[in-house]
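There are 2 protein chains.
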Amino acid sequence: MAENLQEQMYQRLREGLLAGRFEPGEALKLRDLAARWGTSPMPVRGALQRLVAEGALEGEPQRSVRVPVITAERLIQLYQVRLSLEGMAAEEGARRLDAAGREQLHACTERMAAALARRDAQGYLYDNSQFHLTLYRASGNPVLLRLIESLWLQAGPLFNRLFRETDLSLFNDFHQHCLDALDQGDPAAARQAIEQDLLHFRSILLGLFEEAVE
Amino acid sequence: MAENLQEQMYQRLREGLLAGRFEPGEALKLRDLAARWGTSPMPVRGALQRLVAEGALEGEPQRSVRVPVITAERLIQLYQVRLSLEGMAAEEGARRLDAAGREQLHACTERMAAALARRDAQGYLYDNSQFHLTLYRASGNPVLLRLIESLWLQAGPLFNRLFRETDLSLFNDFHQHCLDALDQGDPAAARQAIEQDLLHFRSILLGLFEEAVE
DNA sequence: TTGACAGCCCTGTGATCACAAAACAATGAT
DNA sequence: ATCATTGTTTTGTGATCACAGGGCTGTCAA
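Chains X and G supply the protein sequences, listed in that same order.
Just so we're aligned, residue 57 is where the first sequence starts under our numbering, counting upward by one.
Just so we're aligned, residue 57 is where the second sequence starts under our numbering, counting upward by one.
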């Protein structure tokens, strides 16, 4: 098992959040979660407060912690920052990525193609995140990495809707462009490919909002 | 007073951290702080964990929380991200800032000049932060703002050295350039001014490291 | 004199309890 | 019927206690 209970609770909540298992607007109550996981409310409290501090949940002082409801406006704001941060991480990562890292990225894209073929959105998204993460990690900037992960967590609650409502054919593949750029040693092109990928994803997510308005 | 104790503890710790009242590498111990502020260890624990989650303190699982020691490498990484994020916030803020906001910025620069004249580094830095904050706030992007504040907190422990060791004549003033750009309605120029300001600050801080090596 | 080991103390963690404020529901008046 | 108000329940917060793991020190052997 892990070191301490609070860390376990945090991981479970984070995982559930990224998988979109919590409804936006849902109130996460201490004693409920504690009872469900068989612990005292104490470690759950810590885990929730940590997620609030990271911006993944929102909680006013004396009230229950809630899963944030993402508006289209907030989604745009989120992606404005993601574009800047992940663009930088991609460019810097492209400069420093070694052969082993490139191999990992190739493996990821192959698995993504396979997942796409078998219409497995969840698998696709998982390897997608792995692809981005390993590239960004190569940038060697932990400050940057922490912020990016924080942003991913904030977008998490939207992904459950992707699983259900999205046509898989919408998933385009800018990762191949990125790989080509990496093999040619062109960091600027790698950055551009990543930014294109993010923009494409953003438009898909924004599309979900327009459907919801109807 | 405030709503709950944990929030008060958090504000006190944050303030002390930004003012550089804690030594880098210093271990912050629950019962010590609790006794000093006259509370139980519980709210202090929450406040410390929150600061760890925000990256302002570092704490391994079962060990005491410590004030991070900033290396030159980490400083460079920090400023790489600050440059990108605050540049974006400045440009967007410049686009949306209204007349009242511009008035506040003018007041800030006047106070900064006054502080400089009376050799008050602390006062200068305070109004400096206010200047940046009001400009960034005008960007209307809370996601961005949260990340920037998180980065400021990470650089906090360095500022106490500025108070003591730095020649005030080193403080240059790129804020006037920024104001000019704002009055002319030129967001790109405003961004450039802010970036110049950050780079200048960065070189001052890096200078402190070279002294320390001797 | 120096190295290792054992003991104690210090420190973070988790559980239980007591409390206050907020959310909810039932009851009453208009 | 609708809204305000009051009483009850729920829910987060803080304190105290019990526990376990790490670190430090003193002692003993080589």
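For every residue, glycine included, the Cβ atom is placed at its ideal position computed from N, Cα and C.
Item	Value
8 Å Cβ cut-off: residues of chain X touching GLN118 of chain G	GLU59, ASN60
Test: SER140 of chain X CB closer than 8 Å to a CB of chain G	yes
Cutoff 6 Å; reference PRO97 of chain G; Cβ partners in own chain excluding five residues on either side	LEU86, ARG87, ALA90
Contact set for ALA128 of chain X: own chain, Cβ-Cβ below 7 Å, skip 5 residues either direction	LEU262, PHE265
Rounded C-alpha distance that separates VAL125 of chain X from GLU205 of chain G	23 Å
Local conformation of VAL121 of chain X per DSSP, three classes	strand
Same chain only: Cβ atoms within 6 Å of HIS233 of chain X, ignoring 5 sequence neighbours per side	ALA249
Listed by chain order, chain X residues near GLU299 of chain G by CB distance under 8 Å	Examination of residue 299 of chain G is not possible in this model, given that chain G is present from 57 through 270 alone.
For VAL174 of chain G, the nearest candidate out of G:SER225, G:ARG151, G:ASP253 (CA to CA)	In the sequence on display, residue 174 of chain G carries Arg and not Val. Among G:SER225, G:ARG151, G:ASP253, the Cα nearest to that of ARG174 of chain G is on G:SER225.
Chain-ordered neighbours of GLN136 of chain X on chain G, where CB pairs are closer than 9 Å	MET144, GLU148, ASN197, VAL199, LEU200
9 Å Cβ cut-off: residues of chain G touching LEU203 of chain X	GLY111, VAL137, LEU141, LEU203, SER206, LEU207
Cβ distance (whole Å) where SER195 of chain X is taken to contact SER140 of chain G below 8 Å	Going by Cβ atoms, the distance from SER195 of chain X to SER140 of chain G rounds to 12 Å, so no, they are not a contact pair.
Chain G contact for THR133 of chain X (CB, 8 Å cutoff)	Note on residue identity: the sequence assigns Gln, not Thr, to residue 133 of chain X. It does; some Cβ of chain G falls within 8 Å.
Beta-carbon gap between ARG138 of chain X and LEU254 of chain X smaller than 8 Å	yes
Supposed close pair GLY143 of chain G, ARG247 of chain G - CB separation, criterion 8 Å	5 Å
Beta-carbon neighbours of GLN64 of chain G, restricted to chain X and to distances below 8 Å	Ordered by position in chain X, no residue passes the 8 Å Cβ test against GLN64 of chain G, which lies about 11 Å from the chain.
For GLU114 of chain X: DSSP bridge partner residues	X:ARG122
Neighbour list for ARG106 of chain G in chain X, Cβ cutoff strictly below 9 Å	GLN105, ARG106, VAL108, ALA109
Identity of the residues DSSP links to ALA83 of chain X by a beta bridge	X:ARG122
Residues in the segment 80 to 102 of chain X having any Cβ partner in chain G nearer than 9 Å	ARG101, GLY102
Closest by C-alpha distance to ALA83 of chain X, when choosing among X:THR95, X:GLY115, X:LEU61	X:GLY115
Cα-Cα separation, GLN133 of chain X to LEU181 of chain X	22 Å
Residue span of the alpha helix (DSSP H) that contains ASP236 of chain X, given as start and end	231 to 239
Selection from G:ARG193, G:PHE227, G:HIS256 that minimises the alpha carbon distance to GLN160 of chain G	G:ARG193
For GLY212 of chain X, three-class secondary structure by DSSP	helix
Contact belief for PRO80 of chain G with PRO198 of chain G at Cβ below 8 Å, rounded distance in angstroms	The pair is not a contact, with the Cβ atoms about 30 Å apart (cut-off 8 Å).
GLN118 of chain X Cβ short of 7 Å to the ligand HEM heavy atom set	Here there are no bound small molecules, and the ligand HEM is not part of this structure.
Inter-residue Cα distance where the pair is TRP208 of chain X and ARG220 of chain G	40 Å
Proximity below 8 Å, CB of LEU113 of chain X to CB of LEU238 of chain X	no
As assigned by DSSP and simplified to three states, the class of ASP88 of chain G	helix
Straight-line gap, ASN60 of chain X to GLN118 of chain G (C-alpha atoms, nearest Å)	8 Å
Proximal residues to PHE230 of chain X (C-beta, below 6 Å), its chain only, five neighbours per side dropped	ALA249, GLN252, ASP253
C-beta contact flag for GLN178 of chain X and CYS164 of chain X at 8 Å	no
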